[in-house]
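*Asks:* Residue numbers for the sequence shown follow the working numbering, so the first one is 383 and each next one is one higher. We put the CB at the ideal spot given by N, CA and C, even for glycine. Have a look at this one before I ask anything.
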Amino acid sequence: MIKKPRRRVVQFLGLSLFAGGSLSACSALDTVSSWMPWSSSKPKLPALPELAGKNLLEPVWRAKVDDVGQGFAPTRIEDKLVVATKSGLISAFDLKTGERRFEHRHRRGFSSGVSSFDSFLFVASNDGYLLALDQQGKTRWSTYLGAEAVSVPSVGAGIVVVRTSDNRVQALDLERGQVRWSIARQSPPLVLRSTNSAVIQGDWVFIGLPGGRMMAVNAANGQPLWEASVSTPRGTTEIERLSDVLGQPIVDNDEVLAASFQGKLSSFDRQSGQLRWSRDFTTVGGIAADKAQVIAIDDRGHVQSFSRSGAPQWKQEGLRGRRLSAPELAQRMALVADEDGFLHALSRDQGQLLGRLSVASKPLACAPISEQDMGWTIASDGSLTAFRMLYA
Numbered sequence: 383m384i385k386k387p388r389r390r391v392v393q394f395l396g397l398s399l400f401a402g403g404s405l406s407a408c409s410a411l412d413t414v415s416s417w418m419p420w421s422s423s424k425p426k427l428p429a430l431p432e433l434a435g436k437n438l439l440e441p442v443w444r445a446k447v448d449d450v451g452q453g454f455a456p457t458r459i460e461d462k463l464v465v466a467t468k469s470g471l472i473s474a475f476d477l478k479t480g481e482r483r484f485e486h487r488h489r490r491g492f493s494s495g496v497s498s499f500d501s502f503l504f505v506a507s508n509d510g511y512l513l514a515l516d517q518q519g520k521t522r523w524s525t526y527l528g529a530e531a532v533s534v535p536s537v538g539a540g541i542v543v544v545r546t547s548d549n550r551v552q553a554l555d556l557e558r559g560q561v562r563w564s565i566a567r568q569s570p571p572l573v574l575r576s577t578n579s580a581v582i583q584g585d586w587v588f589i590g591l592p593g594g595r596m597m598a599v600n601a602a603n604g605q606p607l608w609e610a611s612v613s614t615p616r617g618t619t620e621i622e623r624l625s626d627v628l629g630q631p632i633v634d635n636d637e638v639l640a641a642s643f644q645g646k647l648s649s650f651d652r653q654s655g656q657l658r659w660s661r662d663f664t665t666v667g668g669i670a671a672d673k674a675q676v677i678a679i680d681d682r683g684h685v686q687s688f689s690r691s692g693a694p695q696w697k698q699e700g701l702r703g704r705r706l707s708a709p710e711l712a713q714r715m716a717l718v719a720d721e722d723g724f725l726h727a728l729s730r731d732q733g734q735l736l737g738r739l740s741v742a743s744k745p746l747a748c749a750p751i752s753e754q755d756m757g758w759t760i761a762s763d764g765s766l767t768a769f770r771m772l773y774a
């Protein structure tokens, strides 16, 4: 029988800090002191800056589910958006109309968002199980992980990969739920409960770890192929030394991009793990990138753009202090939301503010998602919003 570790918890500002455990952090933080339990209340912020022209964001539909946790990313199956909640509810909505297509209630609450493969859904329960479900809500298999999953399951190469709160990366067989392999790493005294899910491409698994580490693994047997440092922990206190890799790494043909809290934005050769370039950067969420551009949010609430070679392109400082979500790159816009539930659209060329839309009264649970001219957000209170980006 595997004993779950005891955790010493101090609650403050909706975050949980515990030794050997996690500090929940999904939206951007103004400074480290802003989320300390002894810090003063949030300072009054200036009014939001004016848009550069006509508002290029408009709502399409809205819906509501139960509260979701930070990092509870939804998944898409065909023409449906599927959402899991902390209470154990799984709901599916039509992407274009918001019509509720199905809803299933499970006796177990969930500890992560939901992912999908073919017609099946994969979600982690808060009592340490990974579940495979069909679209009728029936359990295909259920496997005990030995600890709570702290990442959205990633699916590919015949396996489902999760990271657990005891700093293990586990891969389970897609068909039967048997554990294929497990990799354990020593956990720092304090870690961030972040949404750094694995990326599976071909026969490789890429995942960021606490302590500023990035790892590539053979999907078939779990053999580490390379491990590299995104950043090195610095400082004298455990809080100052927090440097966990946040968000999913960005993986393309020959490069892996990752960013760490209070650390760096780094690029690695996909095959060897050799460092290509690195920039000092204090990220507080995941990054977004495509073949031409990298978008990241720093700890002051500045939205910054870099080329794929790491060269700075522009910085938008108008959202400073608003504790921003992780970004999303749409066709012509960068998208980010603030803690008051406003979604902001920025020009990819120069960073001007092009659109603004109130999508919730609470912070987002994960980065916005987009496809062509449509996008979707989910907030921590379960507010779902579909929106349209208006391109000239």
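Is P456 near F504, with beta carbons less than 7 Å apart?
*Replies:* On the sequence shown, position 74 is the one that residue 456 refers to. On the sequence shown, position 122 is the one that residue 504 refers to. Contact flag unset, no.
*Asks:* Hey, R738 and L427 are a contact pair by Cβ (cut 8 Å); roughly how many whole angstroms apart?
*Replies:* Here residue 738 corresponds to residue number 356 of the sequence shown, with the count starting at 1. Here residue 427 corresponds to residue number 45 of the sequence shown, with the count starting at 1. Contact doesn't hold; Cβ gap of about 15 Å is too wide.
*Asks:* Buried or exposed for A341, please, with buried defined as at least 16 other CB atoms from any protein chain shown within 10 angstroms of its CB.
*Replies:* Within the shown structure, residues of the chain are numbered from 383 to 774, placing residue 341 beyond reach of any answer.
*Asks:* Helix, strand or coil, according to DSSP, for L766 in the structure here?
*Replies:* Here residue 766 is taken as the residue at index 384 of the sequence shown, counted from 1. Strand.
*Asks:* Give, in chain order, every unbroken run of the beta strand (DSSP E) that is at least 3 residues long and sits entirely within the segment 655 to 686.
*Replies:* If we require 3 residues or more, the beta strand (DSSP E) runs fully inside the segment 655 to 686 come out as 657 to 663 and 675 to 679.
*Asks:* Can the beta-carbon of D448 be found less than 7 Å from the beta-carbon of L471?
*Replies:* Taking the first residue of the sequence shown as 1, we reach residue 448 at position 66. Taking the first residue of the sequence shown as 1, we reach residue 471 at position 89. Taking 7 Å as the Cβ cut-off, D448 and L471 qualify as a contacting pair.
*Asks:* Buried or exposed for P592, please, with buried defined as at least 16 other CB atoms from any protein chain shown within 10 angstroms of its CB.
*Replies:* On the sequence shown, position 210 is the one that residue 592 refers to. That one is buried.
*Asks:* For V676 and V542, what's the separation of their Cα atoms in angstroms?
*Replies:* One-based indexing of the sequence shown puts residue 676 at position 294. One-based indexing of the sequence shown puts residue 542 at position 160. Straight-line Cα distance between these residues: approximately 27 Å.
*Asks:* Does L736 come out as helix, strand or coil in the three-state DSSP assignment?
*Replies:* As a first step, residue 736 must be located in the sequence shown, where it is residue number 354. Reduced to three states, the DSSP call for L736 is strand.
*Asks:* For D461, which residues of its own chain have a beta-carbon under 8 Å away from its beta-carbon, when the five flanking residues on both sides are left out?
*Replies:* Residue mapping note: residue 461 aligns to position 79 of the sequence shown, counting from 1. Answer for D461: D476, L477 and K478, listed in chain order.
*Asks:* State the start and end residues of the unbroken beta strand (DSSP E) segment that holds D476.
*Replies:* In the sequence shown, the residue the question calls residue 476 occupies position 94. From DSSP, the beta strand (DSSP E) with D476 extends over L471 to D476.
*Asks:* Since D585 and A610 are thought to touch, with beta carbons under 8 Å apart, how far apart are those beta carbons, to the nearest angstrom?
*Replies:* Start at 1 with the first residue of the sequence shown, and residue 585 comes out as number 203. Start at 1 with the first residue of the sequence shown, and residue 610 comes out as number 228. 19 Å between Cβ atoms; not a contact.
*Asks:* Which residue comes first and which comes last in the beta strand (DSSP E) that contains D555?
*Replies:* For this step, residue 555 is matched to residue 173 along the sequence shown. Counting along the chain, the beta strand (DSSP E) containing D555 begins and ends at R550 to D555.
*Asks:* Between which two residues does the beta strand (DSSP E) harbouring L463 extend?
*Replies:* Residue 463 sits at position 81 when you count from the first residue of the sequence shown. K462 to A466 is the extent of the beta strand (DSSP E) around L463.
*Asks:* Report, in whole angstroms, the separation of the C-beta atoms of S752 and G692, which I expect to be a contact under 8 Å.
*Replies:* Locating residue 752 in the sequence shown gives position 370, where the first residue counts as 1. Locating residue 692 in the sequence shown gives position 310, where the first residue counts as 1. At roughly 24 Å, the Cβ-Cβ gap does not stay under 8 Å, so S752 and G692 are not in contact.
*Asks:* Here's a check: name, in chain order, each residue in its chain whose Cβ is nearer than 6 Å to the Cβ of D548, leaving out the five neighbours to either side.
*Replies:* Stepping through the sequence shown from its first residue, residue 548 is reached at position 166. Closer than 6 Å at the Cβ level, and outside the excluded window around D548, lie A529.
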